[in-house]
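Single-structure report; data block below.
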Amino acid sequence: TRCVRFTTEVAGISELGLIGRGEDAEITTYLEKAMTSELQGNVIDLCPVGALTSKPYAFHARPWELIKTESIDVMDALGSAIRI
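Okay, so the sequence shown: first residue is 1 according to the UniProt record's numbering, each after it adds one.
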């Protein structure tokens, strides 16, 4: 799957894997350990079927369904326009 391949190929750490086959397959961490990769926050967005969800959005909305608001980037010296 996309999220398992991301942790292996991009992050370089095999922290996620599949248990079971076919429709019984589950995405899980090995030995019930938490993920420690610096890129672990990206895995939820990469998971195409919603097998992994974050607590704030769990069963409420996907990030692309939320309302976007125009703002100014306070971390940019130019004050660039951004959407949050």
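Here a beta-carbon is modelled for each residue, glycine too, at the ideal position from N, C-alpha and C.
Exposure of residue i, with buried meaning 16 or more beta-carbon neighbours within 10 Å
{"i": "GLU10", "result": "This sequence places Val at residue 10; Glu is not what is there. Result: exposed."}
{"i": "THR7", "result": "buried"}
Bridge partners - residue i, DSSP secondary structure assignment
{"i": "ARG83", "result": "GLU70"}
{"i": "LEU18", "result": "ILE27"}
Spatial distance of residue i from residue j (CA atoms)
{"i": "ASP76", "j": "ARG21", "result": "48 Å"}
{"i": "ARG5", "j": "LEU18", "result": "11 Å"}
{"i": "ALA81", "j": "THR69", "result": "11 Å"}
{"i": "ALA51", "j": "ALA34", "result": "16 Å"}
{"i": "ASN42", "j": "GLU23", "result": "24 Å"}
Residue i CB to nearest heavy atom of the ligand GDP below 7 Å
{"i": "MET75", "result": "Ligands in the displayed structure: none, and consequently the ligand GDP is not present."}
Top-ranked residue by Cα proximity to residue i, from the options
{"i": "TRP64", "options": "LYS33, ASP45, SER80", "result": "ASP45"}
{"i": "GLU32", "options": "LEU16, ALA51, CYS47, LYS55", "result": "LEU16"}
{"i": "residue 112", "options": "VAL74, PRO48, GLY79, SER14", "result": "Residue numbering for the chain in the displayed model covers 1 to 84; residue 112 lies beyond these limits and cannot be assessed."}
8 Å CB neighbourhood of residue i in its chain, flanking five on each side removed
{"i": "ARG83", "result": "LYS68, THR69, GLU70, SER71"}
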